[in-house]
Ligand SMILES: [Cu+2]
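In the working numbering, the protein residues as written are 12 to 469.
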C-alpha cells in the first residue's frame, strides 16, 4: 500500500508516490455547485500555502476541504445546462453544475485528494492532463483503472510536483464526453508566491460544439465541422472582457480541448509566451509575439504589460469568430441577383437578398432565427456592429481600474486626435481612377483552363 519508490527516475527532487489513504476517503467533502455562467470573483486561499488565484472567464474555482494537510476536492460529473451566450442554452455534460467544470487551483508541493462522483448515464474517468503523477492516478479507463460506474465515486490522490497550467477531462468515451463539454482547468501555483507573480491572471479553455440551429444538444459524431467556437463554453458576445489597469502585468492562460488548432491573436501590446505544457519558459527563451498558435491538447500562458484601450483578442481563423449557421451558403459577392430576387419576393415575401456585397450586412440585420440560436455575426460596440461571434473578446485596459476589480468598465474613451475618422477635406467624392494596365488578349491556354467546381459537401 505505502509504496515509497520514486516513480520518475530522472527527477531526484520528486517526492515519492502518492498513496491513497482510505481513512481520508471515509467521508465525502461537500461538492460545491454553480448554476450561473457569470464569472465568480476568485476567493483567496482560506488555508494552505498562499497564492494569487486565477480569473476563469465566465467560470469559478472549486473550494476544497483541508483534511490532515491534504486538499480534498469533490467533482461531480453530470448533465448540465450551459448558457453559451444570452439567448442560447445548450444541454451539455460537465462538472458541478457547469461546463467547463470548475477550475481546480492548488500549489506546487500540495497533496490533493480528488473525489469524482459519476452522475452521467455511462462510465467516466478523469485524466489530469499534463500533471506528473503516479500512472495509476492518470485516469485512463481500461489502462490504469476501470471506468467509474454510474452512481459510483472514485478517489484520485497525488502530490503536485511542479507549477503550471494544466487541464482535466475524461478518458472514457472521450469523443462523446468531450464533445458534450466535459473538461476543466487545473492550475498549480508556484510554491514561492513571488515567482512569476502578475497583477492579473486570466484563464480559459478553447472548446467547440456542433449544435444545429434551433436545437440544444451537441452532435457528438462531428469530427471537424463544429459550428460553435467557444471559450469556456461561451461565444461572443457572451465571453467576459479581460479587464486590467494600465501598466498591469497580465497573464492569459489558454488550454485547447477542441479538435483543431487556434492561433490566438491579441491587438495592442506585444506579448511573450511564458508557459507551455512543459512548464515555465526561461526569460532568455521568450520573444515578442502578437499571435500564438495553440495546438490540440496544448496549454499556453502569455504575458504583457497592459496599455490603455479596447483591444480585440480572438482566434485568427475567421470562421472561429462566427456563431452557428448553415455552411452551405453560396458566395454571392459580385452577383447582381436583384431581378431574380424580385421574382422570388412575389412567391416568398420575406426573401432577403444577401451577401452580394460581402457579408457585413448580416451583422447588422435582424433576421428571424430559430429558437435558441445565436446570430452568426453579432456583438455591438460604440461604433456599431462588431460582426464577430465565437472565439472573440476584448482586453479592456483603463487607468482607473482598481486592483481586484474585474467589472466591465464599458467602452474606451479615446483621447483627442487618437481615433480614425472619415476624410472630408476637400469635399471631393470623385476620386481619380487608377491607371490600369491593359489586359492581354486571352489565348487558347487561358480559355482551356479548368476551374475546380463543386464545393458541396464541405
Ligand atoms: Cu480558432
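Just so it is clear, CB atoms sit at the ideal spot from N, CA and C, and this is done for glycine as well. These numbers were taken from a predicted model, which means no experiment stands behind them.
So, residue i versus residue j, is the Cβ gap smaller than 7 Å?
i           : j           : result
residue 229 : residue 236 : no
residue 136 : residue 158 : yes
residue 194 : residue 182 : no
residue 313 : residue 302 : no
residue 257 : residue 214 : no
residue 148 : residue 385 : no
residue 176 : residue 277 : no
residue 74  : residue 225 : no
residue 297 : residue 255 : no
residue 403 : residue 332 : yes
residue 108 : residue 243 : no
residue 62  : residue 125 : no
residue 130 : residue 89  : yes
residue 289 : residue 173 : no
residue 55  : residue 117 : no
To the nearest angstrom, how far is it from the Cα of residue i to the Cα of residue j?
i           : j           : result
residue 241 : residue 398 : 16 Å
residue 30  : residue 53  : Any reading at residue 30 needs caution, since the residue's pLDDT is 42, under 50, leaving its predicted position unreliable; the model's value is listed next. Each residue's alpha carbon lies about 30 Å from the other.
residue 476 : residue 190 : An answer regarding residue 476 cannot be provided, because it is not within the stretch 12 to 469 covered by the chain.
residue 201 : residue 111 : 24 Å
residue 96  : residue 387 : 12 Å
residue 156 : residue 140 : 16 Å
residue 285 : residue 260 : 12 Å
residue 35  : residue 81  : Confidence is the limiting factor: at residue 35 the pLDDT is only 48, short of 50, which leaves the residue's position unreliable and the question unanswerable from this model.
residue 127 : residue 44  : 14 Å
residue 216 : residue 434 : 42 Å
residue 299 : residue 274 : 15 Å
residue 68  : residue 192 : 16 Å
residue 72  : residue 115 : 6 Å
residue 246 : residue 233 : 19 Å
residue 358 : residue 379 : 18 Å
residue 208 : residue 250 : 25 Å
residue 163 : residue 188 : 17 Å
residue 227 : residue 383 : 7 Å
residue 121 : residue 41  : 20 Å
residue 39  : residue 204 : 30 Å
residue 32  : residue 186 : Unreliable placement is indicated for residue 32, whose pLDDT of 48 sits below 50; the coordinate value is still reported in the next sentence. Using only the alpha carbons, I get a separation of about 33 Å.
residue 281 : residue 133 : 46 Å
residue 268 : residue 420 : 30 Å
residue 21  : residue 283 : Caution is warranted here: a pLDDT of 31 is assigned to residue 21, below 50, making its placement in the model unreliable, and the coordinate value is therefore given only provisionally. Answer to the nearest angstrom: the Cα atoms are 30 Å apart.
residue 50  : residue 418 : 10 Å
residue 330 : residue 431 : 27 Å
residue 392 : residue 409 : 17 Å
residue 411 : residue 396 : 27 Å
residue 416 : residue 315 : 18 Å
residue 413 : residue 66  : 15 Å
residue 218 : residue 101 : 13 Å
residue 350 : residue 444 : 29 Å
residue 429 : residue 165 : 58 Å
residue 169 : residue 424 : 49 Å
residue 287 : residue 436 : 51 Å
residue 78  : residue 238 : 44 Å
residue 317 : residue 223 : 39 Å
Evaluate residue i with the Cβ neighbour count: other Cβ atoms within 10 Å of its Cβ, from every protein chain shown; 16 or more gives buried, anything less gives exposed.
i           : result
residue 123 : buried
residue 178 : buried
residue 12  : Residue placement at residue 12 is poorly supported in this model, since its pLDDT is 32, which falls under 50; the coordinates are not used for a value here.
residue 407 : buried
residue 248 : buried
residue 467 : Summary for residue 467: the model assigns pLDDT 48, below 50, so the residue's position carries little reliability, and this model does not support an answer.
residue 145 : buried
residue 138 : buried
residue 322 : buried
residue 389 : buried
residue 295 : exposed
residue 446 : exposed
residue 17  : Caution applies to residue 17, whose pLDDT of 33 falls short of 50 and renders its modelled position unreliable; the model cannot decide the point.
residue 154 : exposed
Between the options, which lies nearest to residue i when the distance is taken from Cα to Cα?
i           : options               : result
residue 105 : 98, 99 and 94         : 94
residue 58  : 76, 393 and 47        : 76
residue 400 : 60, 89, 197 and 335   : 335
residue 199 : 307, 142, 412 and 227 : 142
residue 325 : 287, 279 and 449      : 279
residue 119 : 197, 317 and 152      : 197
residue 47  : 113, 415 and 292      : 113
residue 327 : 426, 315 and 305      : 305
residue 206 : 293, 152 and 272      : 293
Below 8 Å on the Cβ atoms is my guess for residue i versus residue j; work out the distance and round it to an integer in Å.
i           : j           : result
residue 103 : residue 91  : 5 Å
residue 270 : residue 231 : Residue 270 to residue 231, Cβ: 12 Å. No contact.
residue 253 : residue 263 : 7 Å
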